[in-house]
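Our numbering puts the sequence shown at residues 1 to 111. Ideal Cβ placement from N, Cα and C applies to all residues, glycine included. Remarks on the structure that follows.
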Amino acid sequence: GAAISGDFSYSSMVGMLLYLAGHSRPDITYAVNCAARYMFCPKHSHELALKRIGRYLKATRNHGLVLNPSKELKIDDYPDADFAGMYGYEVSSDPSCVKSRTGYTITVADF
């Protein structure tokens, strides 16, 4: 693909978005992690993806995660792991190819 234009620091932008994804905007986590895979060799298409995430954040700036307080602290954890249907099909030269995927959901309080 085409080279990055250099309008902004790609790695710095990914770092800021990773912070947001981990602290207040879990809805962008997957997209930001996909962009982070190309941190050391981004192309113009990756730069466009970051700009698209930025436009999404701007359009949804009034949305957020709301936790309702309760009298007791209740924490639930739901882990999961999978080979994402790719067992035996990994391509070591492809950065978007993964060997396994792990995910979890942690809830604090009642929803």
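Residue interval of the alpha helix (DSSP H) (run including Leu18)
Residue mapping note: residue 18 aligns to position 18 of the sequence shown, counting from 1. Start and end: 10-23.
Nearest candidate by alpha-carbon position, reference Val14, set Asp27, Gly22, Ala35, Pro26:
The residue given as residue 14 occupies position 14 in the sequence shown. For the residues Asp27, Gly22, Ala35, Pro26, the minimum Cα distance to Val14 belongs to Ala35.
Residue range of the unbroken alpha helix (DSSP H) whose run includes Tyr56
Reading the sequence shown from its first residue, position 56 is the one you call residue 56. Element bounds for Tyr56: 44-59.
Step through the CB atoms of chain B and report whether any lies within less than 7 Å of the CB of His44.
Of the chains in the structure shown, none is chain B; there is only one protein chain.
Enumerate in chain order the residues of its own chain whose CB-to-CB distance from Thr29 is below 6 Å, with the five nearest sequence positions on each side excluded.
If you number the sequence shown from 1, residue 29 lands on position 29. Answer for Thr29: Ala21, listed in chain order.
Got a sec, what are the start and stop residues for the alpha helix (DSSP H) Cys34 sits in?
In the sequence shown, counting from the first residue as 1, residue 34 sits at position 34. Cys34 -> alpha helix (DSSP H) spans 29-36.
Whether Asp80 touches Ile106 by CB criterion (7 Å)
Position 80 of the sequence shown, counted from the start, is the residue given in the question as residue 80. Position 106 of the sequence shown, counted from the start, is the residue given in the question as residue 106. It is not a contact, given that the beta carbons lie outside the stated cut-off.
If we ignore side chains and look at the alpha-carbon of each, how far apart do Ile75 and Tyr56 end up?
Numbered from its first residue, the sequence shown carries residue 75 at position 75. Numbered from its first residue, the sequence shown carries residue 56 at position 56. Cα to Cα, the separation comes out at about 30 Å.
Rank Tyr38, Val108, Leu18 by C-alpha distance to the C-alpha of Lys71 and give the top, closest one.
Taking the first residue of the sequence shown as position 1, residue 71 is located at position 71. Ranking the options by Cα distance to Lys71, first place goes to Val108.
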